[in-house]
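Chemist:
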Amino acid sequence: MQINSLSQIVSKARQSGGKVEVLCVQPYDDSTLKALGSLRSWGGGIKLTLFGKREKIVSSEYCRGLEDVEIIEGDTEEINTARAIETIRANKPAVLMKGLVNTAVFLRVLFRSESVKASGRLVSHVSCLEVPGFERLLFITDGTVNVNPDLKTKIGIVENVCEFVRSLGFEKPKIAVIGINERITQSNQDLIDGAVIAKMSERGHFGNCYIDGPMPLDTALSKEAAVKKMILSPVGGEADVLVCSNLESAANLIKGLVHLAHSKTAGLLLGAGFPVVLTSRSDSSDSKEISLAMAVLNATGGV
Numbered sequence: 001m002q003i004n005s006l007s008q009i010v011s012k013a014r015q016s017g018g019k020v021e022v023l024c025v026q027p028y029d030d031s032t033l034k035a036l037g038s039l040r041s042w043g044g045g046i047k048l049t050l051f052g053k054r055e056k057i058v059s060s061e062y063c064r065g066l067e068d069v070e071i072i073e074g075d076t077e078e079i080n081t082a083r084a085i086e087t088i089r090a091n092k093p094a095v096l097m098k099g100l101v102n103t104a105v106f107l108r109v110l111f112r113s114e115s116v117k118a119s120g121r122l123v124s125h126v127s128c129l130e131v132p133g134f135e136r137l138l139f140i141t142d143g144t145v146n147v148n149p150d151l152k153t154k155i156g157i158v159e160n161v162c163e164f165v166r167s168l169g170f171e172k173p174k175i176a177v178i179g180i181n182e183r184i185t186q187s188n189q190d191l192i193d194g195a196v197i198a199k200m201s202e203r204g205h206f207g208n209c210y211i212d213g214p215m216p217l218d219t220a221l222s223k224e225a226a227v228k229k230m231i232l233s234p235v236g237g238e239a240d241v242l243v244c245s246n247l248e249s250a251a252n253l254i255k256g257l258v259h260l261a262h263s264k265t266a267g268l269l270l271g272a273g274f275p276v277v278l279t280s281r282s283d284s285s286d287s288k289e290i291s292l293a294m295a296v297l298n299a300t301g302g303v
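Structure below.
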């Protein structure tokens, strides 16, 4: 069954009953500890392991109820991140979560790890947004990791997001490769990339999904705009996923939807061999819990 709200994601994760280990690096902030505490109410399938300085973790009021959780102590961000990754056992469902750690440090250690190298996959980020007045969830990629992706990188981004969205019950997700225009010009590489990816999808490269591109934002999200522009595609006006041309455009689109449309958002890193919750210190505990729920579903095989 396709999920159409962020609350459904949490409900499905609660009901999944799958056994998964959640490893969190330096949960020194209240919102992260509150989100981790919420996982304890899901049942016995979730095992928590925390990494960092014990005194910083247990000093928070939100650590109540987590007294029995294992804490592996370390002095630096690098050491704690590396130990968390090393603790992840092969073939065991696991989720890695960033707490109060510098993002650049966290990603550097992650990308150097044997786990990521062994996965053989591109690492990319996907954001999931619940936009008021919009009838479905909207997925946007990649606003965090890949700055100016070339065609090869975009293919990896699309492969990751296809697999992930299908795990949330989207049997045949509709994916728009965003470009400034639906008409392809030789001088604009992003438009060419969109057309190539759409053709690859037509030939079955990405499995069960609809992909069209290049496609401007209006024709991807508005059926009326798609009809007026004669975009006769299953994706036109009905896109579930927006694949942006670069990090800047994706990140600004997400921030615009959050701050202007008051959208709720959650996100994950994909392709590391295990889902990674990469939240901001400004994210609410609810947002972090939703991201954890997406990660748990992804780690345990989806809905």
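If you read the sequence shown in my numbering, its first letter stands for residue 1, the second for the next number, and so on.
Cβ atoms here follow ideal geometry from the backbone N, Cα and C, with glycine treated the same way.
1. May I ask you to list the residues that DSSP assigns as paired with A266?
2. Within a Cβ cutoff of 7 Å, which residues of the same chain sit near S245, ignoring the five residues on either side of it in sequence?
3. Determine the direct distance from the alpha carbon of S222 to that of L129, and round the result to whole angstroms.
4. Exposed or buried, which one is L232 when buried takes at least 16 other CB atoms within 10 Å?
5. Measuring CB to CB, does G169 end up less than 7 Å from I3?
6. At which residues does the beta strand (DSSP E) containing C24 begin and terminate?
7. To the nearest angstrom, how far is it from the Cα of T300 to the Cα of V20?
8. Spell out a yes or no on whether the region 260 to 280 and the region 114 to 134 are touching, meaning 3 or more CB-CB pairs, one atom from each, closer than 8 Å.
9. If contacts are defined as beta-carbon pairs under 8 Å, then V158 and F206 qualify, I think. What distance do you get, rounded to the angstrom?
10. Could you check what DSSP says for T185 in three-state terms: helix, strand or coil?
11. In the DSSP output, what is D212 paired with across the bridge?
12. Would you give the residue range spanned by the alpha helix (DSSP H) that T153 belongs to?
13. With DSSP as the reference, label K98 as helix, strand or coil.
14. Have a look at E171, Y62, Q8 and V95 and flag the residue whose alpha-carbon is nearest the alpha-carbon of T49.
15. Decide if the region 32 to 45 is in contact with the region 280 to 289; the criterion is three or more beta carbon pairs, one per stretch, under 8 Å apart.
16. Any idea if G133 is buried or exposed, counting beta-carbon neighbours within 10 angstroms, 16 or more meaning buried?
17. List the endpoints of the continuous beta strand (DSSP E) containing F139.
18. Where does G236 land, buried or exposed, given buried means 16+ other C-beta within 10 angstroms?
Modeler: On the basis of the supplied data:
1. For the purposes of this step, residue 266 is identified with residue 266 of the sequence shown, where counting begins at 1. Paired residues: C128.
2. Within the sequence shown, the letter at position 245 stands for residue 245. Cβ within range, chain order: I178, G179 and D190.
3. In the sequence shown, residue 129 corresponds to position 129, counting from 1. In the sequence shown, residue 222 corresponds to position 222, counting from 1. Straight-line Cα distance between these residues: approximately 17 Å.
4. For the purposes of this step, residue 232 is taken as the residue at position 232 of the sequence shown. L232 should be labelled exposed.
5. Indexing the sequence shown from 1 puts residue 169 at position 169. Indexing the sequence shown from 1 puts residue 3 at position 3. Contact: yes.
6. Walking along the sequence shown from the start, residue 24 turns up at place 24. That run of the beta strand (DSSP E) goes V20 to V25.
7. Here residue 300 refers to the residue found at position 300 when the sequence shown is read from its first residue. Here residue 20 refers to the residue found at position 20 when the sequence shown is read from its first residue. One C-alpha to the other measures close to 7 Å.
8. The region 260 to 280 is in contact with the region 114 to 134.
9. As a first step, residue 158 must be located in the sequence shown, where it is residue number 158. As a first step, residue 206 must be located in the sequence shown, where it is residue number 206. That belief holds up - the Cβ atoms of V158 and F206 are roughly 6 Å apart, short of 8 Å.
10. Counting from one through the sequence shown, the residue named residue 185 turns up at place 185. DSSP places T185 in coil when its eight states are reduced to three.
11. Along the sequence shown, read from residue 1 onward, the residue named residue 212 stands at position 212. In DSSP, D212 forms a bridge with A176.
12. To locate residue 153, count along the sequence shown from 1; it is residue 153. L151 to S167 is the extent of the alpha helix (DSSP H) around T153.
13. The residue labelled residue 98 in the question sits at position 98 within the sequence shown. Residue state, collapsed to three classes: strand.
14. Along the sequence shown, one-based indexing puts residue 49 at 49. If we check each option's Cα against that of T49, V95 comes out closest.
15. yes
16. Your numbering for residue 133 matches position 133 in the sequence shown. G133 should be labelled exposed.
17. Sequence index remark: in the sequence shown, residue 139 carries index 139 (1-based). Element bounds for F139: L138 to T141.
18. Here residue 236 refers to the residue found at position 236 of the sequence shown. Result: buried.
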